[in-house]
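Numbering (the numbering used here), first residue to last: 3 to 115.
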């Protein structure tokens, strides 16, 4: 009986880890892309990148959730954006194709290969 309970617990923990990993990747991807979109929109509107994420204007309440999961830094020739979290933890399996980075002012990132 104890072995059966142990097996059930191991299966449940494996499922929970897989669910958490998928959620971290999905939420992390969304946070990263939301931040990029808002930063690039600011550049289009005001012809410069914001000094900080707090300088972004006309954003929705839900957009602010992404700001708690990214780290932004304005650079001389663009900006640096690191993804720091997903749903609970930092995503561990996000990759973006080379063309994803085209025409962005995003010069440095922990998501950029």
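Glycine is no exception: its CB is placed at the ideal position from the N, C-alpha and C atoms.
Legend entry - the region 50–63 contacting the region 96–104, beta-carbon criterion three pairs below 8 Å: no
Inset, instruction - Return yes when the Cβ of residue 88 is within less than 8 Å of the Cβ of residue 26, no when it is not. - result: Here residue 26 refers to the residue found at position 24 of the chain shown. Here residue 88 refers to the residue found at position 86 of the chain shown. In this structure, residue 88 lies closer than 8 Å to residue 26 by Cβ.
Inset, instruction - Look up residue 110 in the DSSP assignment and say whether it is helix, strand or coil. - result: Position 108 of the chain shown holds residue 110. Three-state result, residue 110: strand.
Legend entry - Cβ distance (whole Å) where residue 83 is taken to contact residue 37 below 8 Å: Here the question's residue 83 lines up with position 81 in the chain shown. Here the question's residue 37 lines up with position 35 in the chain shown. Between residue 37 and residue 83 the Cβ distance is about 6 Å, and since that is below 8 Å, they are a contact.
Inset, instruction - Under the assumption that residue 72 contacts residue 48 (Cβ atoms under 8 Å), give the Cβ distance between them as a whole number of angstroms. - result: Mapped onto the chain shown, residue 72 falls at position 70. Mapped onto the chain shown, residue 48 falls at position 46. That belief does not hold up - the Cβ atoms of residue 72 and residue 48 are roughly 20 Å apart, past 8 Å.
Legend entry - Span separating the alpha-carbon of residue 20 from that of residue 4: Here residue 20 refers to the residue found at position 18 when the chain shown is read from its first residue. Here residue 4 refers to the residue found at position 2 when the chain shown is read from its first residue. The straight-line gap from Cα to Cα measures roughly 24 Å.
Inset, instruction - Keeping to the same chain, check which residues put their C-beta closer than 6 Å to that of residue 93; ignore five residues upstream and five downstream. - result: In the chain shown, the residue the question calls residue 93 occupies position 91. 26, 27, 30.
Legend entry - Short Cβ contact (8 Å threshold) for residue 115 with residue 85: Along the chain shown, one-based indexing puts residue 115 at 113. Along the chain shown, one-based indexing puts residue 85 at 83. No. Outside cutoff.
Legend entry - Contact set for residue 40: own chain, Cβ-Cβ below 7 Å, skip 5 residues either direction: Position 38 of the chain shown holds residue 40. Taken in chain order, the residues that qualify are 58, 61, 65.
Legend entry - Nearest candidate by alpha-carbon position, reference residue 110, set 42, 24, 74: Counting from 1 along the chain shown, the entry for residue 110 is found at position 108. If we check each option's Cα against that of residue 110, 74 comes out closest.
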